[in-house]
Structures are given as C-alpha cells and as structure tokens.
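Visitor: Numbering (this note's numbering), first residue to last: 2 to 394.
Think of the CB as a built atom: it goes at the ideal place given N, C-alpha and C, for glycine as much as any other residue.
Computed from a prediction, not measured in an experiment: that's the story for all the values here.
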Ligand code: KG4
Ligand code: ZN
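(1) If you drop the 5 nearest sequence neighbours on each side, which residues of the same chain put their C-beta closer than 6 Å to that of residue 60?
(2) Comparing alpha-carbon positions, which option in 47, 218, 70 and 84 lies nearest residue 6?
(3) Residues around the ligand ZN, please: the ones whose beta-carbon is closer than 5 Å to some heavy atom of it, in chain order.
(4) Less than 8 Å separating the Cβ of residue 274 from some heavy atom of the ligand KG4?
(5) At what residue ranges does the stretch 26 to 83 contain a whole run of the alpha helix (DSSP H), taking only runs of 4 or more?
(6) In the structure shown, what three-state DSSP assignment does residue 274 receive?
(7) Drop a sphere of 10 angstroms on the beta-carbon of residue 100, count the other beta-carbons inside from all chains shown, and report buried for 16 or more, exposed for fewer.
(8) Does the separation of the CB atoms of residue 4 and residue 373 fall below 9 Å?
(9) Kindly identify the DSSP beta-bridge partner or partners of residue 340.
(10) Out of 280, 147, 287 and 122, which one is the CA nearest neighbour of residue 75?
(11) Would residue 155 be called buried (16 or more neighbouring beta carbons within 10 Å of its own) or exposed?
(12) Are at least three pairs of beta-carbons, each pair with one atom in the stretch 204 to 215 and one in the stretch 259 to 268, less than 8 Å apart?
(13) Looking at residue 128 and residue 9, is the spacing between their C-beta atoms short of 9 Å?
(14) Just confirm the distance between the C-beta atoms of residue 168 and residue 52, as a whole number of angstroms; I'd bet it's less than 8 Å.
(15) Are residue 315 and residue 190 touching if we call contact CB-CB under 9 Å?
(16) Under the rule that 16 or more other beta-carbon atoms within 10 Å means buried, what is residue 89, buried or exposed?
(17) Nearer than 8 Å: is that true of the beta carbon of residue 333 relative to any heavy atom of the ligand KG4?
(18) Put residue 169 into one of helix, strand or coil per three-state DSSP.
(19) Any chance the stretch 147 to 167 sits against the stretch 283 to 296, with 3 or more Cβ pairs inside 8 Å?
(20) Buried or exposed for residue 380, please, with buried defined as at least 16 other CB atoms from any protein chain shown within 10 angstroms of its CB.
(21) Going by DSSP in three states, residue 372 sits in which element: helix, strand or coil?
(22) Can you tell me the Cα-Cα spacing of residue 396 and residue 352, whole angstroms?
(23) Can you give the beta carbon distance from residue 159 to residue 132, rounded, assuming they're within the 8 Å contact cut?
(24) Taking the C-alpha atoms as reference points, what is the distance between residue 135 and residue 58?
(25) When burial is assigned at 16 or more other CB atoms within 10 Å of the CB, is residue 303 buried or exposed?
(26) Could you tell me which whole alpha helix (DSSP H) segments of length 4 or greater appear in the stretch 184 to 267?
(27) Within this structure, are the beta carbons of residue 237 and residue 306 separated by less than 9 Å?
(28) Give the secondary structure of residue 140 by DSSP, where H, G and I count as helix, E and B as strand, and everything else as coil.
(29) If you scan the stretch 104 to 143 from start to end, which runs of the alpha helix (DSSP H) of 4 or more residues do you find wholly inside it?
(30) Measuring alpha carbon to alpha carbon, tell me which residue in 219, 86 and 227 is nearest residue 199.
(31) Ignore the nearest five residues each way along the sequence and tell me which others in residue 281's own chain have a CB closer than 6 Å to its CB.
(32) Assuming residue 326 and residue 350 are in contact, meaning their beta carbons sit under 8 Å apart, how far apart are those beta carbons, in whole angstroms?
(33) Let me check you understand the geometry: is the CB of residue 202 closer than 8 Å to at least one non-hydrogen atom of the ligand KG4?
(34) When you compare only the Cα positions, how much space is there between residue 95 and residue 40?
(35) For the putative contact between residue 62 and residue 44, defined by C-beta atoms under 8 Å, what is the C-beta separation to the nearest angstrom?
(36) So residue 49 and residue 226 are in contact, right, with Cβ under 8 Å, and what is the actual spacing, rounded?
Laid out in structure tokens, this is it:
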C-alpha cells in the first residue's frame, strides 16, 4: 500500500510517501521520500510559533512541496488523468467552500496543473490534532481536496501516535529499501517530549493507548524554549540550550546553582515544568550575571534537572507497567544528554529502547504516513481539526 502523509500541526510543513506491506508486527516499510519545510526561522522573530503566520505559510508551502515530491515520478506513470476543466471547477468549488479562509492555498492550487495526473497512491494520511488548529486546518483542507479530486481514501491521524510509530523506523536504512519495522513487545511504554506535549503512554497494543502521566502545565520543550529566551537565545531554544550545556561539560564549567527537580517526590507519573522556568527567571533577576560561562553552567544544570526529572518518572512508569519495550518520541529527544540517559535506563531494565533518528525526532510526515497504515486510523472523508485531540479516546 502506498501512503501519502501530510503534517501541518505546528511550524513544519511536511509531506512524505511510503509503501508498506504485511500487517501488525510483520509490517515492512519502504520510505520513498520525506520532505520537511521548517518555518522556525520566520517564527523566531516572534519568540515562538505565531499561529496565523504558520497557517499562511502552510498554505503557501503545501502545493510546491507536493510538486517536488511527485516531480520525478517516484510512483511511475499516473493511474489516470483528470480533465483540465474538471480540475479548474474543483478548485473553484473548493474556494467557495473555504469562504476566504485559505487564500494562499487557493492561489497556489490555481496554477497546479500537475494535479490532473492522479498518482498511484492508495491512502492519504493527515494530522488532525493535537496542535495549532489554524495550522491543522490547512493540512486537512488540502488533504480533503486532493482526496476528493483523486478519489483516494482519507485517514485522519493523531500526531502523538505519529511520534510513537515514527520511532519504529530504522534510521540507517536508505530510501527506497524495504525494512522491517522494529518489534514492539506489549505492554510497551512511550515517553513523548515535544514543544507542546509531555506524556507517558502505556501501549497495550498499536492503537490501544492509556495516558498514565502528563504535564500539569508547560511541556518540556516549552521549558527549554522559555529558558533559552530568558538567556537571550533564539527560538526554538532547545538546540541552543543543549549546545551551551555540551560546551559546559567539555570546558568543565559547573554551575554553583541547584535548580529544583519538579514533582520528583509525587506518587504519580505527572510532570510540571513551569516552576523550573520560574526558578531560572528569579535567579537571573537576583544575580544580574550574564557572562557566557554563567549561561553555559546554567544551561547544564537546567538540562540535568530535566534529565533527572524525566528519567525518574520514566522509571516509575516502567515499574508500574512492567513495560517490555520503551519508545521515546518528540522534538526534545534530539537532545544528546537525554538520549544517553534513557539508553542507560533501558539497559538497566534490560528492555529495548527505540528512539527516532535525530532527523526524524522533530515533526515530519513520515511518521504520519506510517500511522496511516500501522495505527488505529480509518477512512473519514470529512475530518475536523482538533487542537486538543487525545490519544486515548
Ligand atoms: O516535536 P517537535 O518538533 O514539535 C512539537 O510538536 O512541539 O518539538 C519541538 C521542541 C521545541 O521545543 C525545541 O526547542 C525542542 O523540541 N528541541 C530540543 C532539542 N531540539 C529540539 N530540546 C532540547 N534539546 C534539543 N537538542
Ligand atoms: Zn510533534
């Protein structure tokens, strides 16, 4: 089965094409292509993701990205051709349906004659949530349009399920080569750490999820971004903090500050990161110290605090569930200190740890396409964006 994945939940416009065969734990996958257009630099000026700008950018980017994805005919000759007039008619109907909601998308569709060639795709998978609703709607509207135009089933996907199944792909298998997905033994556990989410999920089976812990306020990536901002570092701040912390370790800079390890003594698997950010805020106010050395030391202590907290709760969840496999997903797992820490923990527990590659830890459409075949998805021709969509409902 060939699946087109579409992801627009935040500030990455992403499309991917994969082919899968087999079922369940015997699923094999071939990555045909995966394109990610990051808007991070544009949002950097606002110190965070600006939803209206994200919406406009997705509207501009989707059609050119799809063109790029299909230009070299990776799926061979089209299965059929749509009459040019029918295409023009479809775009004008779509424009009426959108009531001026997505002018950028309509404008780029108007010149997109390549869409009259219907590609050999069996299914379209699109992120329906969670995420920023104005951004999600662009991907959904676009997916609905091509699904109807090409008469291909449309599967709405939970972004968090994408982050879970995305870790099952092997990072070293080259494009266009068949690979077996990594094997999950149930129950499995997923720790999802991104800019919008911090959750621990018990996976009873693919498609059967129970959230056993989550943040009560800020997500861990958000804490990285906010602390970076306090230190005068650009958005997204996670990579900058992690670079400072790395330099502190290499240069043997230690901070004389001790930050809290929030909720480490609570009896559950929940998190809270807003207090940690506030501690940094007060500390910076009190100290008036801004040297590079101080910032590096602070970044290191912050990273250690996050690492201790996440690891402590992960261990608690492993003890409670008796999980046989652990997956970590979400943009924050690009962080080298965390990757190392979780590897050690999984080794200690004697269970496999699956991490996405550093390239696929951030938002991408490969994971959405994969969830479209491997997850709990079904054909829904008229999906709705749901900014707070949960994985367990
Ligand atoms: O999953 P993701 O790409 O988007 C969301 O769905 O939120 O995650 C983005 C988050 C941002 O907060 C970013 O600062 C953080 O991941 N991040 C990192 C690192 N690279 C990205 N945080 C810590 N260390 C990193 N190396
Ligand atoms: Zn994400």
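Guide: In short:
(1) Counted from its first residue, the chain shown places residue 60 at position 59. Here the set comprises 103, 105, 106 and 139.
(2) Taking the first residue of the chain shown as 1, we reach residue 6 at position 5. Residue 6 has its Cα closest to that of 70, out of 47, 218, 70 and 84.
(3) 195 and 364
(4) Start at 1 with the first residue of the chain shown, and residue 274 comes out as number 273. No; taking the cut-off as 8 Å, the Cβ of residue 274 has no heavy atom of the ligand KG4 nearer than that.
(5) 41 to 45 and 52 to 71
(6) Counting from 1 along the chain shown, the entry for residue 274 is found at position 273. Looking at residue 274 - three-state DSSP - the assignment turns out to be coil, as it is neither helix nor strand.
(7) Taking the first residue of the chain shown as 1, we reach residue 100 at position 99. By the 10 Å Cβ count, residue 100 comes out exposed.
(8) As a working note, residue 4 is residue 3 in the chain shown. As a working note, residue 373 is residue 372 in the chain shown. Cβ atoms of residue 4 and residue 373: closer than 9 Å.
(9) Within the chain shown, residue 340 is the residue found at index 339, counting from 1. According to DSSP, residue 340 bridges with nothing at all.
(10) Here residue 75 corresponds to residue number 74 of the chain shown, with the count starting at 1. Closest by alpha carbon: 122.
(11) Start at 1 with the first residue of the chain shown, and residue 155 comes out as number 154. Looking at its Cβ environment, which holds 16 or more other Cβ atoms inside 10 Å, residue 155 is buried.
(12) no
(13) Residue mapping note: residue 9 aligns to position 8 of the chain shown, counting from 1. Residue mapping note: residue 128 aligns to position 127 of the chain shown, counting from 1. Yes.
(14) Position 167 of the chain shown, counting from 1, holds the residue named residue 168. Position 51 of the chain shown, counting from 1, holds the residue named residue 52. Not really, about 28 Å apart at Cβ, beyond 8 Å.
(15) Along the chain shown, one-based indexing puts residue 315 at 314. Along the chain shown, one-based indexing puts residue 190 at 189. Result yes, Cβ atoms of residue 315 and residue 190 sit closer than 9 Å.
(16) Sequence index remark: in the chain shown, residue 89 carries index 88 (1-based). Label assigned to residue 89: exposed.
(17) For the purposes of this step, residue 333 is identified with residue 332 of the chain shown, where counting begins at 1. Yes, Cβ of residue 333 sits closer than 8 Å to a heavy atom of the ligand KG4.
(18) Counting from 1 along the chain shown, the entry for residue 169 is found at position 168. DSSP places residue 169 in coil when its eight states are reduced to three.
(19) no
(20) The residue given as residue 380 occupies position 379 in the chain shown. Residue 380 is exposed by the Cβ-count criterion.
(21) Taking the chain shown and counting its residues from 1, one reaches residue 372 at position 371. Three-state result, residue 372: helix.
(22) Beyond the ends of the chain as shown, which are 2 and 394, falls residue 396; an answer cannot be given.
(23) Reading the chain shown from its first residue, position 158 is the one you call residue 159. Reading the chain shown from its first residue, position 131 is the one you call residue 132. Actually they are not in contact, since the Cβ atoms of residue 159 and residue 132 sit about 10 Å apart, beyond 8 Å.
(24) Taking the chain shown and counting its residues from 1, the one referred to as residue 135 is at position 134. Taking the chain shown and counting its residues from 1, the one referred to as residue 58 is at position 57. When rounded, the distance between both Cα atoms is 11 Å.
(25) Walking along the chain shown from the start, residue 303 turns up at place 302. It counts as buried.
(26) 221 to 231 and 239 to 251
(27) On the chain shown, position 236 is the one that residue 237 refers to. On the chain shown, position 305 is the one that residue 306 refers to. No; because the gap between Cβ atoms is not below 9 Å, this pair is not in contact.
(28) Counting from 1 along the chain shown, the entry for residue 140 is found at position 139. DSSP places residue 140 in helix when its eight states are reduced to three.
(29) 104 to 111
(30) What you label residue 199 is simply residue 198 of the chain shown in a count that begins at 1. Considering only alpha carbons, the answer is 219.
(31) Position 280 of the chain shown, counted from the first residue, corresponds to residue 281. Around residue 281: 228 and 231.
(32) What you label residue 326 is simply residue 325 of the chain shown in a count that begins at 1. What you label residue 350 is simply residue 349 of the chain shown in a count that begins at 1. Their Cβ separation, rounded to whole angstroms, is 10 Å, which puts residue 326 and residue 350 out of contact at 8 Å.
(33) On the chain shown, position 201 is the one that residue 202 refers to. Checking the Cβ of residue 202 against the ligand KG4 gives no.
(34) As a first step, residue 95 must be located in the chain shown, where it is residue number 94. As a first step, residue 40 must be located in the chain shown, where it is residue number 39. Answer to the nearest angstrom: the Cα atoms are 26 Å apart.
(35) Translated into the one-based positions of the chain shown, residue 62 becomes position 61. Translated into the one-based positions of the chain shown, residue 44 becomes position 43. Contact flag wrong, Cβ pair sits at about 14 Å.
(36) Counted from its first residue, the chain shown places residue 49 at position 48. Counted from its first residue, the chain shown places residue 226 at position 225. Confirmed, about 7 Å.
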